[in-house]
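The structure appears below as C-alpha cells.
Protein chains in written order, with our numbering: chain F, 3 to 323; chain Y, 429 to 494.
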C-alpha cells in the first residue's frame, strides 16, 4: 500500500477513515474522539444515563452492541451485559463466543439466557410455529427478555446498540407506511413505566460504518457474518436505499433521523397506544399488553409445543421478511 | 492482490494499482456500507492498494428489523 497524503483533519497523522458526512478524514485516535463525543452528546441531549445508573447492555456479538458496551465502560459507567441464545444454528454459537470472550477479557459481568433451555423454543421454531417472519419472532423474544431481566435484576436502564443507520431505516419504513403509532414511539429514550424499564440508544448519532471502525481500531472481535435468516429482509433494503441517497448527499441520514427527532417527534407525543394508557396486564405473566394475553406468552405457548425446526428449513422458506 | 469478501466469505484475486474507493466501485460495493482493511490496517478511500497487498472488504450493514 502506498500512502497518498491522506491526513487526519485534527493532527495530520495518517488517516484510517474518511467520513464524508463530516467532510473529514481521521486517524484512529481522533476517530475514537469523534465517537466518544457523539455518544456523550446523545446521552446528554436526551438525558439517557446518570453516572450512578446500573445499566444492562443488550449484547448480540455484533459490532454495535459490543462497541456501545466498550464505550460505556470506558466512560466510567457501571454496565453489565445480557446475551440471549436465539438458537440460529452455528450463527448463534459463534455470536455467543464473541460476547463471552469480550466479557472475559475485560472482566465484565455477562448474563446469558438460552431460549431453548429456558423457554423450550428457538427463533427458527418460533417463526414456523407462529407464522411470524423470523426477525419478528426474534425481536419480540429479545425485547421481552431484556425487559424482564432489567426489571428482575433491579437495573435502572437497558442500553441497546441501535445506531443511526438502524434508526433511519426504521423511520424510513414507518414513514412509508405512515405508521403513526410506531412513529410516536421511535425515540432514542423510552422512559420507564407501565411495566417497562427505561430503554436508551446511545449510538443514534453514529453510523454503522463508524461503529465497525471503532471495533477495528479498538481491537474488538465481533461477528462479521450476517444473520443467515435476516438476509433479504425489508430493513436491509431500506438501509441500502438510504445509503444510495447518502452517497450523493452526505449527511442525509443524520438529517432525516435527527431532524425527525427534533422537529416531528414532538408533534406526535401522546399518539401511541402506550401513551394513551390502553395497556392491560397479561393474564399469564403480568407484562403490559394491549390484549388479554401478551404476544410473548402466545409465542412461547405455540413455539414450545412445536417440534424443533432446524435453521436450514427456515432458510428454504423464502426471502420476504 | 488478494481480496477477502464477506457474506458469503470468499477470496478473489484483483490487480493492484488502484485506490480503495476505486476498488469498491469496481466491485460494485457501496462506500457507505463497507470498510477496507489493507495488510491488517484500516485505510481511507484514497489509500492506494498495490499488488502483494492483502485486502479485506468488510461489510458494516447488519441487523434484523427488531
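Beta carbons: idealized from backbone N, C-alpha and C, even for Gly.
**Report entry** Residues that residue 438 (chain Y) contacts on chain F, provided the C-beta gap is smaller than 9 Å
**Finding:** Correct list: empty, because the minimum Cβ distance to chain F is about 12 Å.
Query - Same chain only: Cβ atoms within 7 Å of residue 26 (chain F), ignoring 5 sequence neighbours per side - result: 11
Query - Backbone CA spacing between residue 131 (chain F) and residue 94 (chain F) [nearest angstrom] - result: 20 Å
Query raised in the report: With a cut-off of 9 Å, does the C-beta of residue 443 (chain Y) fall near any C-beta of chain F?
Result: no
Query raised in the report: DSSP three-state call for residue 439 (chain Y): helix, strand or coil?
Result: When DSSP states are grouped into helix, strand and coil, residue 439 (chain Y) belongs to the strand group.
**Report entry** Which of helix, strand or coil DSSP assigns to residue 56 (chain F)
**Finding:** strand
Query raised in the report: Ends of the alpha helix (DSSP H) at residue 93 (chain F)?
Result: Unbroken alpha helix (DSSP H) run through residue 93 (chain F): 91 to 108.
Query raised in the report: Short check: CB of residue 97 (chain F) to CB of residue 63 (chain F), under 9 Å?
Result: yes
Requested in this report: Under 8 Å by Cβ, that's how I've got residue 90 (chain F) and residue 311 (chain F) pegged, so tell me the actual separation to the nearest angstrom.
Outcome: Not a contact, Cβ separation roughly 11 Å.
Query raised in the report: Taking all protein chains shown into account, do 16 or more other C-beta atoms lie within 10 angstroms of the C-beta of residue 193 (chain F), making it buried, or fewer, making it exposed?
Result: With fewer than 16 other Cβ atoms within 10 Å, it is exposed.
Requested in this report: Could you tell me which uninterrupted alpha helix (DSSP H) segments, each at least 4 residues in length, are contained entirely in the region 233 to 319 of chain F, listed from first to last along the chain?
Outcome: Taking only runs of at least 4 residues, the alpha helix (DSSP H) segments lying wholly in the region 233 to 319 of chain F are 236 to 250, 254 to 261, 297 to 306, 313 to 317.
Query - CB of residue 204 (chain F) within 9 Å of CB of residue 70 (chain F), strictly - result: yes
**Report entry** Cut-off 6 Å between Cβ atoms - residues of its own chain near residue 482 (chain Y), not counting five sequence neighbours on either side
**Finding:** Answer for residue 482 (chain Y): 430, 467, listed in chain order.
Report task. Provide the residue(s) that pair with residue 473 (chain Y) in DSSP beta bridges, ordered along the chain. Result -> DSSP, once it has assigned bridges, lists no residue as partnering residue 473 (chain Y).
Query raised in the report: Is the beta carbon of residue 166 (chain F) sitting closer than 9 Å to the one on residue 207 (chain F)?
Result: yes
Requested in this report: Just confirm the distance between the C-beta atoms of residue 499 (chain Y) and residue 473 (chain Y), as a whole number of angstroms; I'd bet it's less than 8 Å.
Outcome: Nothing about residue 499 (chain Y) can be reported from this structure: the residues present for chain Y run from 429 to 494 only.
Query raised in the report: Considering residue 112 (chain F), what are the terminal residues of the alpha helix (DSSP H) in which it resides?
Result: Premise fails: residue 112 (chain F) lies in the beta strand (DSSP E), 112 to 116, not in any alpha helix (DSSP H).
**Report entry** Selection of the region 234 to 254 of chain F by Cβ proximity to chain Y, strictly under 7 Å
**Finding:** 235, 236, 237, 238, 241, 245, 248, 249: these are the residues of the region 234 to 254 of chain F whose beta carbon lies less than 7 Å from some beta carbon of chain Y, given in chain order.
Report task. Measure the C-alpha to C-alpha separation of residue 87 (chain F) and residue 15 (chain F) and round it to an integer number of angstroms. Result -> 42 Å
Requested in this report: For the beta strand (DSSP E) containing residue 462 (chain Y), list its first residue and its last residue.
Outcome: Residues 462 to 466.
Query - Residues sharing a beta bridge with residue 80 (chain F), DSSP - result: F:56
Report task. Kindly give me the distance between the Cβ atoms of residue 114 (chain F) and residue 305 (chain F), rounded to whole angstroms, as I take these residues to be in contact under 8 Å. Result -> Actually they are not in contact, since the Cβ atoms of residue 114 (chain F) and residue 305 (chain F) sit about 20 Å apart, beyond 8 Å.
Query raised in the report: Using the C-alpha atoms, what's the distance from residue 284 (chain F) back to residue 295 (chain F)?
Result: 5 Å
Report task. Report the partner residues of residue 45 (chain F) according to the DSSP bridge assignment. Result -> Partner(s): none; residue 45 (chain F) has no beta bridge.
Query raised in the report: CB-CB under 6 Å to residue 79 (chain F), same chain, minus the five flanking residues each way: which ones, in chain order?
Result: In chain order, 57 place their CB closer than 6 Å to the CB of residue 79 (chain F), counting only its own chain and leaving out the 5 sequence neighbours on each side.
Query raised in the report: Under 9 Å, do residue 327 (chain F) and residue 213 (chain F) count as touching if we go by C-beta distance?
Result: Within the shown structure, residues of chain F are numbered from 3 to 323, placing residue 327 (chain F) beyond reach of any answer.
Report task. Tell me, please, whether the CB atom of residue 222 (chain F) is closer than 9 Å to any CB atom in chain Y? Result -> no
Requested in this report: For my contact list, residue 325 (chain F) and residue 175 (chain F) are in at a C-beta cut-off of 8 Å; report their separation, rounded to the angstrom.
Outcome: Residue 325 (chain F) is absent from the model: chain F starts at 3 and stops at 323.
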